[in-house]
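Written out below as structure tokens is the structure these notes cover.
Protein chains in written order, with the working numbering: chain A, 1 to 608; chain B, 1001 to 1092.
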């Protein structure tokens, strides 16, 4: 990215900021690298703020068709000295998230790891991949004499390998590089619509353990597979500038301050990671269990972190130069108490949705399911929620079950379902819960909103889910509001969605991780020092808001009716009496909320 | 004696953007300091306390950087102490 504005970074004209983009046509195997002037601050900041402008201008009716552009980009802080500035974004029309009209919605998915930094260090900000290759290919991005150099190379040798094995195979050929790759699920793109993209981490390459990070949501691995694009390689020496005192202070706040306290270990003044949501939410009986239907029978406790510390070595690790160390990695504990083989990374979402929510409460079984989903390259949330539906259906229909007849807690059969989804042999699972529930005719307990499966927070606790644009909890910050604030008033929820929740997506432009917990002042300071752009707070917030609203605008363009901004029927019509949060989301409440939220958003969308 | 109570944006936005409050207390405890905070700023009471006057289970309290269990709110405070209250629940 080049900033041609003169002066000290203030009064920035976005048109004088240029980003470097590669347009790749896989069918023609052609590559064009160009510098593009930014149209607005969303372009300058990057991520989905930029990619959604391109998607909004496209007419795509089939996410697996060659004309669906896959946009791979970074944020302004990716690859900088700002701690957690590691994000890579994959944006496209989603094979999974779709309106009742059948048209695909736009989505982005973000991942840390080091691939994005390496890509940025080659001099490249964005890649737009179009068409479909006639043979398996990978894109190799390298540092050239006068800018990034991109080449397309055969990827036949990678086919069939798991995510981690693909990355380790590439590592043999490319030193000082990082990688993004699909797994078997992405290769089975016609059957698995929630395939993820795995991105390598420094720890993974050094240890040889399968510690990828994932761009999971919305099937970006599926889109990659549909293009016959198997992997990307970004090869560049690390390019770090001298650490400015202001950034040193920002990084100190990120690694020791209140914003990241949840994700740090206790010996760093932290609360132990997202995993520690289990005991807190269980106080409300709000941990999803047996397809989002908590039973309050105590079985959830078995996967509390404190109950596994005797059986495993739990080590906090990080993506790259990150003091938060949010990865809570589980290792075998040897007889002498020392650390043995790596097992899996335990986060709240995958652990809940691939274990507790499937009736699995044994840690040995849980890590095997988490690892299997990672190795196959799938989104843990979508996979877990869809399998949960199958188990629920089979419990309701013991005489005419789906697929292998698996029910809650049946570990071996659950593993078969996951394997079947990831290898493409069970498209009923792999194509997601919305499609499956429409086929069975029992849509009420299919845990999705707008075709995207719900994360591990109960729908009856979050009427903001319908306005999340790319994943229920990471793109609408209302998912814990009820348990935190306990407010059930209409006025509260309208404001929570239209004035607060949507700003959850700010980091999805910047290139930083939400776990950094950066306040607005810190973010502006980071963009100023490391990005060279002095953006006033009101301009930053306006850019984030426009980017978010474009997400809603694309949904409406792709045929979403107002009645699709709703929750699974079971959560509204049959509230679970075991859940100890207030039960307040009725049909009337939702109807009024829809009306009031759209009264705010619709004029703004029209003015975009 | 004076203690400082700091809190996250969720709290600050309810009381005009103030991110920390200094309280004058005499021979008090951490729990009493939090009570004094919510007496002064009633808007914060629903965040800090549940109706049964227990600490909101989604909140974590730190005294000079050390996390306290709910039963440790009886810990005495000393002049200059830093109390921090944060959400213990975050997504990801």
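Using N, Cα and C, we set each Cβ at its ideal position, and we do this for glycine too.
Just so you know, these numbers come straight off a predicted model, no measurement behind them.
Taking residue i as the reference, which of the options has the closest Cα?
{"i": "residue 101 of chain A", "options": "A/555, A/586 and A/520", "result": "A/555"}
{"i": "residue 124 of chain A", "options": "A/75, A/157 and A/99", "result": "A/75"}
{"i": "residue 6 of chain A", "options": "A/607, A/573, A/579 and A/533", "result": "A/533"}
{"i": "residue 267 of chain A", "options": "A/323, A/23 and A/541", "result": "A/323"}
{"i": "residue 568 of chain A", "options": "A/385, A/306, A/608 and A/279", "result": "A/385"}
{"i": "residue 11 of chain A", "options": "A/256, A/539, A/68 and A/35", "result": "A/539"}
{"i": "residue 178 of chain A", "options": "A/140, A/375, A/389 and A/359", "result": "A/140"}
{"i": "residue 115 of chain A", "options": "A/174, A/136 and A/60", "result": "A/174"}
{"i": "residue 377 of chain A", "options": "A/420, A/401 and A/360", "result": "A/420"}
{"i": "residue 592 of chain A", "options": "A/63, A/85, A/489 and A/404", "result": "A/489"}
{"i": "residue 1089 of chain B", "options": "A/274, A/576 and A/541", "result": "A/274"}
{"i": "residue 1054 of chain B", "options": "B/1071, B/1067, B/1066 and B/1026", "result": "B/1071"}
{"i": "residue 580 of chain A", "options": "A/236, A/121, A/293 and A/38", "result": "A/293"}
{"i": "residue 1042 of chain B", "options": "B/1001, B/1085 and B/1015", "result": "B/1015"}
Less than 8 Å between the C-beta atoms of residue i and residue j, yes or no?
{"i": "residue 551 of chain A", "j": "residue 52 of chain A", "result": "yes"}
{"i": "residue 196 of chain A", "j": "residue 379 of chain A", "result": "yes"}
{"i": "residue 480 of chain A", "j": "residue 1047 of chain B", "result": "no"}
{"i": "residue 1039 of chain B", "j": "residue 1063 of chain B", "result": "no"}
{"i": "residue 529 of chain A", "j": "residue 510 of chain A", "result": "no"}
{"i": "residue 26 of chain A", "j": "residue 227 of chain A", "result": "yes"}
{"i": "residue 169 of chain A", "j": "residue 152 of chain A", "result": "no"}
{"i": "residue 475 of chain A", "j": "residue 464 of chain A", "result": "no"}
{"i": "residue 600 of chain A", "j": "residue 498 of chain A", "result": "yes"}
{"i": "residue 393 of chain A", "j": "residue 356 of chain A", "result": "no"}
{"i": "residue 42 of chain A", "j": "residue 543 of chain A", "result": "yes"}
{"i": "residue 161 of chain A", "j": "residue 558 of chain A", "result": "no"}
{"i": "residue 150 of chain A", "j": "residue 31 of chain A", "result": "yes"}
{"i": "residue 363 of chain A", "j": "residue 308 of chain A", "result": "yes"}
{"i": "residue 492 of chain A", "j": "residue 447 of chain A", "result": "no"}
{"i": "residue 467 of chain A", "j": "residue 565 of chain A", "result": "yes"}
{"i": "residue 607 of chain A", "j": "residue 461 of chain A", "result": "no"}
{"i": "residue 303 of chain A", "j": "residue 284 of chain A", "result": "no"}
{"i": "residue 129 of chain A", "j": "residue 70 of chain A", "result": "yes"}
Using DSSP with H/G/I as helix, E/B as strand and the rest coil, what is residue i?
{"i": "residue 190 of chain A", "result": "coil"}
{"i": "residue 378 of chain A", "result": "strand"}
{"i": "residue 173 of chain A", "result": "helix"}
{"i": "residue 443 of chain A", "result": "coil"}
{"i": "residue 217 of chain A", "result": "coil"}
{"i": "residue 358 of chain A", "result": "helix"}
{"i": "residue 575 of chain A", "result": "coil"}
{"i": "residue 1046 of chain B", "result": "helix"}
{"i": "residue 393 of chain A", "result": "helix"}
{"i": "residue 437 of chain A", "result": "helix"}
{"i": "residue 132 of chain A", "result": "coil"}
{"i": "residue 386 of chain A", "result": "helix"}
{"i": "residue 300 of chain A", "result": "helix"}
{"i": "residue 123 of chain A", "result": "coil"}
{"i": "residue 25 of chain A", "result": "strand"}
{"i": "residue 430 of chain A", "result": "helix"}
{"i": "residue 1030 of chain B", "result": "helix"}
{"i": "residue 98 of chain A", "result": "strand"}
{"i": "residue 287 of chain A", "result": "coil"}
{"i": "residue 584 of chain A", "result": "coil"}
{"i": "residue 1077 of chain B", "result": "coil"}
{"i": "residue 81 of chain A", "result": "coil"}
{"i": "residue 614 of chain A", "result": "Because chain A spans 1 through 608 in this model, residue 614 of chain A falls outside it and cannot be assessed."}
{"i": "residue 448 of chain A", "result": "strand"}
Legend entry - Interfacial residues, the segment 425 to 456 of chain A to chain B, with Cβ spacing under 8 Å: 455
Inset, instruction - Could you say if the segment 63 to 83 of chain A and the segment 308 to 319 of chain A meet the contact criterion of at least three C-beta pairs nearer than 8 Å? - result: no
Inset, instruction - Kindly confirm or deny that the segment 104 to 111 of chain A and the segment 211 to 228 of chain A touch, where touching means at least three C-beta pairs closer than 8 Å. - result: yes
Legend entry - Stretch-stretch touch, CB-based, cutoff 8 Å, three pairs: the segment 218 to 229 of chain A with the segment 92 to 100 of chain A: yes
Legend entry - Contact set between the segment 1061 to 1076 of chain B and chain A, restricted to residues whose Cβ is under 9 Å from the partner: 1062, 1065, 1066 and 1067
Legend entry - Three-pair Cβ contact test at 8 Å for the segment 253 to 266 of chain A versus the segment 502 to 519 of chain A: yes
Legend entry - Under 8 Å (Cβ pairs) to chain B, residues found in the segment 462 to 485 of chain A: 473, 474, 479, 480, 483, 484 and 485
Legend entry - At least 3 beta-carbon pairs within less than 8 Å: the segment 341 to 359 of chain A vs the segment 201 to 211 of chain A: yes
Inset, instruction - Taking only beta carbons into account, state which residues of the segment 104 to 123 of chain A come closer than 7 Å to chain B, listed in chain order. - result: none
Inset, instruction - Please determine if the segment 580 to 593 of chain A and the segment 499 to 509 of chain A are in contact, where contact requires at least 3 C-beta pairs separated by less than 8 Å. - result: no
Inset, instruction - Residues of the segment 261 to 278 of chain A with a CB closer than 9 Å to any CB of chain B: list them in chain order, please. - result: 261, 262, 263, 266, 269, 270, 271, 273, 274, 276 and 277
Legend entry - Touching by the beta-carbon criterion (3+ pairs, under 8 Å), the segment 591 to 600 of chain A and the segment 1017 to 1026 of chain B: no
Inset, instruction - Scan the segment 568 to 583 of chain A for residues whose Cβ lies nearer than 8 Å to a Cβ of chain B and list them as they occur along the chain. - result: none
Inset, instruction - Check distances from the C-beta atoms of the segment 1031 to 1051 of chain B to those of chain A and list, in chain order, the residues that come in under 7 Å. - result: 1046 and 1047
Legend entry - the segment 1052 to 1067 of chain B contacting the segment 452 to 470 of chain A, beta-carbon criterion three pairs below 8 Å: no
Inset, instruction - Could you list the residues in the segment 1077 to 1090 of chain B with a C-beta less than 8 Å from some C-beta on chain A, going in chain order? - result: 1084, 1086, 1087, 1088, 1089 and 1090
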